[in-house]
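Visitor: The structure that follows is given in the form of structure tokens.
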Amino acid sequence: MLTSSVMVSGGFVLAGAAVADGGGTGSGATATLQDGLKVGGQIKINDSDWNAGGGLIVLKNADGTEFDTYCIDLNMETKPHAKYQETAWSGTSLATNPDAGKINWILQNSYPQVSDLGKLGSEVGVDSLTADEAAAGTQAAIWHFSDHVKAVPVDAGAATLASYLISHVQDVKEPAPSLTLTPPSVSGKSGSLLGPITVASTSSSVAASLDATSSAAGVVLTDKNGNVLSDQSGNLTKPVKGGDQLFVKAPAGANAGTATITAKASADVQVGRAFTSLGYTPENHSQTLILAGTQTDTVTAGASATWAPAGPALAISALMDCTKNGVVVTATNNGDQPYTVTMTNEGATVPSFSVAPGQTQTSVVPVAEGKAYDIKVTGPKGQQEFQGIRNCQVAPTHSPSPSTSAGPVTSATPSSSSSRPATAAPSSSASASSPAVVAPSTSASPTATNGKSLAFTGGGGSTPLIASIAGALVLLGGGAVYTMRRRGRHSRTAA
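Numbered per mature numbering (1 follows the signal peptide of the UniProt record, and there is no 0), the sequence shown spans residues -20 to -1, 1 to 475.
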């Protein structure tokens, strides 16, 4: 889950949003969840009566670029129009999943990364494989390794594809980020070189700039030898590339201050990159997604530099590390005096730690799965705050109760009390999940709307059938009482 930080009082280093992949402010691609499934089909889970609608889920950014994704957290809901951020595996359930690389292989070798459906169908032994079948089969194979469930598409062609992918799977390492600046914060004495800040990107041309206030005060970007690389406006005179290093230099003797560095590039967001929802509260968490096909996007990343003429000079950052069961707070002191860092989480004091000059210290703040954290770190010039949700495990799969519905039913006002428990990662949307749709038990394939009417709790578009259906039920008599329940991420269809 992404860890956001905010300035609480002036003068202290602003590390920006210390995200899970180690980048700076808003590292990588960001996009918004769109309505419904793009393509997909019904998938039977664990031989139960639950047929989950699974397939391609679309994220779209501000300029209209679309990202096709698959779900890697079957039992977690999506929130309508949730905001998502590109994220490293270390901040998701993939960090502790030994099968994470197998999921990436499936993505690399199936739809839509393999867009030729004829070729894909021929490879797996399915004539005339459709996009719906390909998406459903791919999603089922992914759930086999992300949630470790038996997931069998109802459609025979999709089932054949899923079986092929599972039986031929290999391990493929995590893809590189589209753009990050590491570390997200640096520090030191006025007049010294502050850094290095290393650029990582899939692009060979990355622009970077200082904030206007800092550049006007004489702060510059340099290389490791102190050669100035920025102009009077704080912009790099030449682009940099992945692997290059930047340094920040404030005038000698300058009073304590902070500069922010923003990088920007047109870069490939690679298939297999994780996307987690932005936000803070557990109620706003939206399920974790994974990119199904490489997409070029305009991406940004940020970092900060702080300096002081004397005394301690601390750079502090924080990120959720699922392998360490909490938030790792890192403090580097490039000043000439030691400093003791104090912290609280949700108002409760957590152990402090001291950082000697020239040293870096880390401290892990434990966070329980599915719990929010609000960590406030006090440094020599003020306080910095890091907020987020621990989202390191997929939600557990529960055996569903048999459906009493005889046909499609849409809950217009879902009850939050019966919602499947949420276990992490926030979104910026505070609205309730869109209602799930229970499809007819006789359905063996997506409906005529190219899969978009399949159950999708992030869709946000409630079908206005409930009044007419309820009326029909009354006319049919029998005194039947139907309890509308808010369902999890994917609808249940009676088998």
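Where is the CB? At the ideal position from N, CA and C, for every residue including glycine.
Assign H148 to one of two classes, buried (16 or more other C-beta atoms within 10 Å of its C-beta) or exposed (fewer than that).
Guide: To locate residue 148, count along the sequence shown from 1; it is residue 168. Classification of H148: exposed, given that the 10 Å Cβ count is below 16.
Visitor: On the three-state DSSP scale, how would you describe E263?
Guide: The count along the sequence shown starts at 1 and reaches residue 263 at position 283. Helix, per DSSP.
Visitor: Do the region 324 to 332 and the region 342 to 358 touch if we need at least three Cβ pairs shorter than 8 Å?
Guide: Judged by Cβ distances under 8 Å, the region 324 to 332 makes contact with the region 342 to 358, as three or more pairs qualify.
Visitor: Once the 5 residues before and after A192 are set aside, which same chain residues still bring their CB inside 7 Å of it?
Guide: Counting from 1 along the sequence shown, the entry for residue 192 is found at position 212. The residues are G214.
Visitor: Quick one: measure Cβ to Cβ for G306 and G291, integer angstroms, because I've assumed they're closer than 8 Å.
Guide: As a working note, residue 306 is residue 326 in the sequence shown. As a working note, residue 291 is residue 311 in the sequence shown. G306 to G291, Cβ: 30 Å. No contact.
Visitor: Of the choices D15, Q22 and V251, whose alpha-carbon is the least far from that of A134?
Guide: Walking along the sequence shown from the start, residue 134 turns up at place 154. Note that residue 134 is Val in the sequence shown here, rather than Ala. Of D15, Q22 and V251, the residue nearest in Cα terms is Q22.
Visitor: Between which two residues does the alpha helix (DSSP H) harbouring Q88 extend?
Guide: If you number the sequence shown from 1, residue 88 lands on position 108. It spans A80 to Q88 - the alpha helix (DSSP H) in which Q88 sits, taken as one unbroken run.
Visitor: Buried or exposed, going by whether 16 or more other CB atoms sit within 10 Å of the CB of R467?
Guide: The count along the sequence shown starts at 1 and reaches residue 467 at position 487. The pLDDT assigned to R467 is 35, lower than 50, so where the model puts this residue is not dependable; a value taken from the coordinates is nonetheless given after this. Answer is buried; the Cβ neighbour count reaches 16.
Visitor: Are at least three pairs of beta-carbons, each pair with one atom in the region 51 to 65 and one in the region 261 to 273, less than 8 Å apart?
Guide: As far as the Cβ criterion goes, the region 51 to 65 touches the region 261 to 273, which means the pair count is three or higher.
Visitor: Under 8 Å by Cβ, that's how I've got V309 and V347 pegged, so tell me the actual separation to the nearest angstrom.
Guide: Stepping through the sequence shown from its first residue, residue 309 is reached at position 329. Stepping through the sequence shown from its first residue, residue 347 is reached at position 367. With 8 Å as the limit, V309 and V347 do not qualify as a contact, their Cβ atoms being about 12 Å apart.
Visitor: G35: which of S7, A80 and S90 sits nearest, CA to CA?
Guide: Position 55 of the sequence shown, counting from 1, holds the residue named residue 35. Selected option, being the one with the closest Cα: S90.
Visitor: For a minimum of 3 consecutive residues, which ranges assigned as the beta strand (DSSP E) are wholly contained in the region 219 to 246?
Guide: If we require 3 residues or more, the beta strand (DSSP E) runs fully inside the region 219 to 246 come out as 225 to 229.
Visitor: Rounding to the nearest angstrom, what Cα-Cα distance links S396 and V374 in this structure?
Guide: For the purposes of this step, residue 396 is taken as residue 416 along the sequence shown, with counting starting at 1. For the purposes of this step, residue 374 is taken as residue 394 along the sequence shown, with counting starting at 1. Unreliable positioning characterises S396 in this predicted model, as indicated by a pLDDT of 31, which lies under 50. A coordinate reading is not provided.
Visitor: So the alpha helix (DSSP H) E113 belongs to, where does it begin and stop?
Guide: As a first step, residue 113 must be located in the sequence shown, where it is residue number 133. Taken as a continuous stretch (DSSP letters only), the alpha helix (DSSP H) holding E113 covers A111 to S126.
Visitor: Can the beta-carbon of A234 be found less than 8 Å from the beta-carbon of S170?
Guide: Your numbering for residue 234 matches position 254 in the sequence shown. Your numbering for residue 170 matches position 190 in the sequence shown. Cβ distance < 8 Å, so A234 and S170 count as in contact.
Visitor: Since Q65 and T256 should fall inside the 8 Å C-beta cutoff, what is the C-beta to C-beta distance between them, to a whole number of angstroms?
Guide: Position 85 of the sequence shown, counted from the start, is the residue given in the question as residue 65. Position 276 of the sequence shown, counted from the start, is the residue given in the question as residue 256. The Cβ separation is near 6 Å, so the contact holds.
Visitor: Going straight from the alpha carbon of S195 to that of H124, what length do you get?
Guide: Indexing the sequence shown from 1 puts residue 195 at position 215. Indexing the sequence shown from 1 puts residue 124 at position 144. Between S195 and H124, the C-alpha separation is close to 52 Å.
Visitor: Grouping DSSP H, G and I as helix and E and B as strand, with all else coil, what is S194?
Guide: For the purposes of this step, residue 194 is identified with residue 214 of the sequence shown, where counting begins at 1. DSSP places S194 in helix when its eight states are reduced to three.
Visitor: Which full runs of the beta strand (DSSP E) of 3+ residues lie inside the region 295 to 366, going along the chain?
Guide: The region 295 to 366 contains these whole beta strand (DSSP E) runs: 306 to 313, 319 to 325, 328 to 335, 339 to 346 and 352 to 359.
Visitor: For H61, count neighbouring C-beta atoms within 10 Å of its own C-beta (all shown protein chains included) and say buried if the count is 16 or more, exposed if not.
Guide: Here residue 61 corresponds to residue number 81 of the sequence shown, with the count starting at 1. It is buried - the Cβ of H61 has at least 16 other Cβ atoms within 10 Å.
Visitor: Do you know offhand how far P157's Cα is from A288's?
Guide: As a first step, residue 157 must be located in the sequence shown, where it is residue number 177. As a first step, residue 288 must be located in the sequence shown, where it is residue number 308. Those two C-alpha atoms are separated by around 32 Å.
Visitor: Just the Cα atoms here: how many angstroms apart are T202 and V321?
Guide: Residue mapping note: residue 202 aligns to position 222 of the sequence shown, counting from 1. Residue mapping note: residue 321 aligns to position 341 of the sequence shown, counting from 1. Distance between the alpha carbons of T202 and V321: 30 Å.
Visitor: Helix, strand or coil: how does DSSP classify T140 here?
Guide: Taking the sequence shown and counting its residues from 1, the one referred to as residue 140 is at position 160. Helix.
Visitor: Apart from the five residues just before and just after A42, which ones in its own chain have a Cβ nearer than 7 Å to its Cβ?
Guide: Residue mapping note: residue 42 aligns to position 62 of the sequence shown, counting from 1. Excluding positions up to five away in sequence, the list is empty.
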